Structures are given as C-alpha cells and as structure tokens.
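Mapping of the sequence shown onto full-length UniProt numbering: residues 1 to 201, in sequence order. Beta carbons: idealized from backbone N, C-alpha and C, even for Gly. Just so you know, these numbers come straight off a predicted model, no measurement behind them.
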Amino acid sequence: MKKETVERLLLVLLLVSLGVALRWMLYSYPNVAPTAALAMFAGYKLSSVRWALMVPIWITTLSDLVIGGYAWPVMLTVYAALSLPVFLGIAVRRFQPKSGSWLAKLTRGVMLGGASVVGSVLFFLISNFAVWAASATGLGLPMYEATLVGLGECYAAALPFFRYTLTGDLVFNGAIFGAYALGCLLIAAPQKETAAAVSAE
Numbered sequence: 001m002k003k004e005t006v007e008r009l010l011l012v013l014l015l016v017s018l019g020v021a022l023r024w025m026l027y028s029y030p031n032v033a034p035t036a037a038l039a040m041f042a043g044y045k046l047s048s049v050r051w052a053l054m055v056p057i058w059i060t061t062l063s064d065l066v067i068g069g070y071a072w073p074v075m076l077t078v079y080a081a082l083s084l085p086v087f088l089g090i091a092v093r094r095f096q097p098k099s100g101s102w103l104a105k106l107t108r109g110v111m112l113g114g115a116s117v118v119g120s121v122l123f124f125l126i127s128n129f130a131v132w133a134a135s136a137t138g139l140g141l142p143m144y145e146a147t148l149v150g151l152g153e154c155y156a157a158a159l160p161f162f163r164y165t166l167t168g169d170l171v172f173n174g175a176i177f178g179a180y181a182l183g184c185l186l187i188a189a190p191q192k193e194t195a196a197a198v199s200a201e
C-alpha cells in the first residue's frame, strides 16, 4: 500500500471516529453535530473527492446505527446535504491565497467562515424540503400539506433549530481548522530553527 494511501486512510479513520464519537455525545443537543465541519475539512485536506466523501457518509451511517433512523427519503437527502461541505472545502483550498501574509490568513479565515455559513444554509434548505416532500407524498410523517403553504410551514417550524446548526458548524469549523493551523505552526517552528542553525554554520 502506497504511503499516500495509508495517510489518507488514517486521516479518514481519525475524522470518522471523531465525528461518530462527538455525534453520539451531542445527540441531546438539537442540530449540533460536527459532521458538516469534518466534511469540509476532509474536502480541504484530502486531494481525492472519493476519500473525502467517505467522511460524512460513514459518520452519519455509523452513528445512525445507534441513534436510529427515520424516513428513508429524508435520510438519503440528509446524507447528501452533509456531503456538500466536502465541495465547499475543496473550493476554499483551490481559491484561497497561497502566501503566508497576515492578509492572506485573514482572507482564508473569512473564506472558511463564509463556506461554513453556506453549508449551514444549504443543509437547512435541502433537509427541510425533504421533510416536507416526504410528508406531502406519504413517505414520511403526515405533518404538512402538499402546497407552498405547507412548505412555508415546514421551514418556519425548522427556523428555531437553524441557529443551532449555524452555531454548531461555525464552532466546529473554528475548532477543527484552528487546531490544524496551530499544528502546522508547531511543526514548522522547529524546522525553521533547524534551517536557521544550518545556514549559520
């Protein structure tokens, strides 16, 4: 097995294990989960889309085995919506400034924050549309009528939970990408000192 494949596998296993553990621990908190943030980090860090998509899919699949499922059309839509941050992470990686200046770092942080908000909004719109569609077609709980009024009622009922999604995604993205940036700094510092010592000799 190639070194690159082993590194990808280890990172995926680490992210999935962290995601499943946190999702179980935070289950009592509505709509607060690390899945979207870990998916975005996977897209940002892994060069392979296929490997990155494994992270949100396996987190949701494994944790749902314990937490329990719901209407299958809604589940599939939720899985798909939680995979979208992978592509947001890829977009940030490709379009972020490459320099190490303070302005580049600030721009990168703003891009990550914006991507986090976009991911939260997309999840809200897509997942609740699926809830309404499943209800309207008889594939889910009969809560909403198959009308635009019913769709509006569905989104209105979900609005109080959106703030938890938005806050959770921002906090987890900040923690994950912040820890990654700190780790890079700690690794780079000794290397710079070694390089400086060698050049001085």
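Asked, Found
"Just to confirm my understanding: we take L18, look at its own chain, exclude 5 residues before and 5 after, and list those with CB closer than 6 Å. What are they?", "none"
"For R23, is the classification buried or exposed, using 16 other Cβ atoms within 10 angstroms of its Cβ as the cut-off for buried?", "buried"
"Let's see if you can read the secondary structure: which residues bound the alpha helix (DSSP H) around G109?", "102 to 137"
"Could you check what DSSP says for G174 in three-state terms: helix, strand or coil?", "helix"
"Hey, how far is the Cα of I59 from the Cα of V16?", "5 Å"
"Note down the Cα distance separating S63 from V171, rounded to an integer number of angstroms.", "21 Å"
"Grouping DSSP H, G and I as helix and E and B as strand, with all else coil, what is E4?", "helix"
"Report buried or exposed for G183, applying the criterion of at least 16 other Cβ atoms within 10 angstroms of its Cβ.", "exposed"
"Once DSSP output is grouped into helix, strand and coil, what is the label at A33?", "coil"
"To which residues of the same chain is Y164 closer than 6 Å at the C-beta, ignoring the five residues directly before and after it?", "P30, N31, V32"
"Taking the alpha-carbon positions, what's the V149 to A181 distance?", "46 Å"
"Can you give the Cα-Cα distance for V86 and A39, rounded to whole angstroms?", "5 Å"
"Rounded to whole angstroms, how far is the Cβ of A81 from the Cβ of F123, which I believe are closer than 8 Å?", "5 Å"
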